[in-house]
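End of the sequence shown sits at 350 in this note's numbering; the numbers just go up one at a time, nothing left out.
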Amino acid sequence: PARSSVTAGWSQLGAQASCSFSLFLGLWKMPKRAQKEEAVETGQQQAEPVRKKTKRGGGKAADEAVKDGEAPAAAAAFEDTPDNVLTGDGKQSNLKITSWNVDGLRAWVKKNSLEWVTAETPDIICLQETKCEEKQLPTDVKDMAEYPHQYWSSSRDKGGYSGVGMLCKIKPLDVTFGIGVEEHDNEGRVITAEFNKYFLVTVYVPNSGRGLVRLDYRKTWDVDFLAYIKGLESKKPVILCGDLNVAHQEIDLKNPKTNKKSAGFTADERQGFGNVLDEGFIDSYRHLYPDTCHAYTFWTYLGNCRAKNVGWRLDYFVLSKALLPHLCDSKIRCKALGSDHCPITLLMAM
């Protein structure tokens, strides 16, 4: 009878353990699946501090695509067509500028992104959201012999925040940092290089944040920044590039109806960019491709959004109208990985 009691006791413990393990498996699997479905359904942009801290990857398909070094096949709703290297009157392109929000320069380098830069061979590459002080620059970047002229700006108040860079094959006539307004310049968001025929400005525009906590600041920024580039344009034409943190029209994001109160698509932010265009500046991509849909440059890491091409067009090349005769092409390099943004490239005949 004693042996029978022990045997029964062990059987009961085994059954309880098996039941507990099954329950654990159920609890472990369900939230992840539910979270993924919720993220895919909303497809919303995350605010600046939040969207960069989310778990990377966006599902197995996206993970496998990153390992293969190619964008997922489902993103084929948009195609990066062959470059047009001629202006409307047949002049050959001789200036290539690439802009890329790298979402952390040091992490971007570790993802072999410099190999893409080498293959693209831009004359100038502009980087945003470097999150890196100059003393922390990766050696692989500092030692790029093809870009001997490098300029960096980082946040004075917050480490690992904001930051922009500009790498040039040819030395500019002059380089300045910021826009001359201390309130804005502490965050390391603007570098301006003067060349013979134009100014090049790279910018990382402030995000209005989750809950639009910085929307009022963003509106002030928009006014001050427009005044800055207009001042430059009074001297020479301007090429502006970077992450402008706004999807201007409904065509510029996947889910406009559900994002009208989201950072990057509020009426105030869209009007701020509209004011730039009203002053005569040109959105080069929409000038060339006014009706092209699914042309995005940012995808949140959540919910496998890049594989599904649930994105936003936040990155731009904006030109002074005087430069339009020199415009050959404005490209979205959607297959390039390494960040939650993809690079964009401008081809000019200068």
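Virtual Cβ for every residue (Gly too), placed ideally from N, Cα, C.
Check: Boundaries (first-last residue) of the alpha helix (DSSP H) holding THR139; Outcome: 139-142
Check: Same chain, Cβ closer than 6 Å to GLY104, five either side skipped, listed in chain order; Outcome: LYS131
Check: Assigned secondary structure, CYS364 (DSSP; H/G/I helix, E/B strand, else coil); Outcome: In the structure as shown, the chain begins at 1 and stops at 350. Residue 364 is therefore absent and cannot be evaluated.
Check: Among GLU79, LYS158, LEU114, GLU133, nearest to VAL141 - alpha-carbon criterion; Outcome: LEU114
Check: Coarse secondary structure for PHE21, derived from DSSP in three states; Outcome: Unreliable placement is indicated for PHE21, whose pLDDT of 42 sits below 50; no coordinate value is reported for it.
Check: Bridge partners - PRO190, DSSP secondary structure assignment; Outcome: For the sequence presented, residue 190 should be read as Val rather than Pro. Partner(s): VAL203.
Check: Proximity test, CYS132 beta-carbon vs the ligand NAP heavy atom, cut-off 7 Å; Outcome: Here there are no bound small molecules, and the ligand NAP is not part of this structure.
Check: Closest residue to GLY160 among GLU129, ARG189, LYS169 (Cα-Cα distance); Outcome: GLU129
Check: Beta bridge counterpart(s) of TRP108 as assigned by DSSP; Outcome: Looking at the DSSP assignment, TRP108 forms no beta bridge with any residue, so it has no partner.
Check: Same chain only: Cβ atoms within 7 Å of ILE410, ignoring 5 sequence neighbours per side; Outcome: Here the chain covers residues 1 to 350 and nothing more, so residue 410 does not appear.
Check: Residue range of the unbroken alpha helix (DSSP H) whose run includes SER284; Outcome: 284-288
Check: PHE298 versus ASP340 - alpha carbon distance; Outcome: 6 Å
Check: THR266 - DSSP class collapsed to helix/strand/coil; Outcome: coil
Check: Classification of ALA247 by the beta-carbon crowding that lies within 10 angstroms, buried from 16 upward; Outcome: buried
Check: Sufficient close CB pairs (3 or more, under 8 Å) joining the stretch 323-334 to the stretch 277-287; Outcome: yes
Check: Cα-Cα separation, ILE125 to ASP83; Outcome: 18 Å
Check: Inter-residue spacing [alpha-carbon to alpha-carbon] between CYS372 and ARG313; Outcome: Since the first and last residues shown for the chain are 1 and 350, residue 372 lies out of range.
Check: Contained alpha helix (DSSP H) runs [length at least 4] in the stretch 77-133, N- to C-terminal order; Outcome: 105-110, 113-120
Check: CA nearest to the CA of VAL175, picked from SER153, ALA263, TYR204, GLU187; Outcome: SER153
Check: Collapsed DSSP secondary structure at VAL223 in the structure displayed; Outcome: helix
Check: Chain-order list of residues whose beta-carbon lies under 6 Å from that of LEU346 (same chain, five-residue window excluded); Outcome: ILE97, PHE317, SER330
Check: MET350 to LYS91 span [Cα, whole Å]; Outcome: 9 Å
Check: Start-to-end residues for the alpha helix (DSSP H) that takes in HIS184; Outcome: 182-185
Check: ASP243 - DSSP class collapsed to helix/strand/coil; Outcome: strand
Check: For GLY242 and ASP315, believed in contact at Cβ under 8 Å, the rounded distance; Outcome: 7 Å
Check: Residue range of the beta strand (DSSP E) that includes SER154; Outcome: From DSSP, SER154 is part of no beta strand (DSSP E); its letter is neither H nor E.
Check: The beta strand (DSSP E) enclosing THR258, as first and last residue numbers; Outcome: Taken as a continuous stretch (DSSP letters only), THR258 belongs to no beta strand (DSSP E), as it is neither H nor E.
Check: Beta strand (DSSP E) segment containing ASP252, residue limits; Outcome: Per DSSP, ASP252 belongs to no beta strand (DSSP E) and is neither H nor E.
Check: Whole-Å CB distance - LYS376 paired with GLY274, under 8 Å assumed; Outcome: It is not possible to answer for residue 376, since the shown part of the chain is limited to 1 through 350.
Check: LYS110 versus CYS328 - alpha carbon distance; Outcome: 32 Å
Check: DSSP state of ILE170 mapped onto helix, strand, coil; Outcome: coil
Check: Contact set for GLY188: own chain, Cβ-Cβ below 6 Å, skip 5 residues either direction; Outcome: SER153, SER154, SER155, SER162, GLY163
Check: One or two residues paired with TRP312 in a DSSP bridge; Outcome: LEU253, PHE298
Check: Pair within 8 Å by beta-carbon distance, LEU167 and MET144; Outcome: yes
Check: Identity of the residue in PRO256, TYR217, SER208, LYS261 nearest ASN245 by Cα; Outcome: SER208
Check: Distance between VAL238 and ASN255 (C-alpha atoms, nearest Å); Outcome: 32 Å
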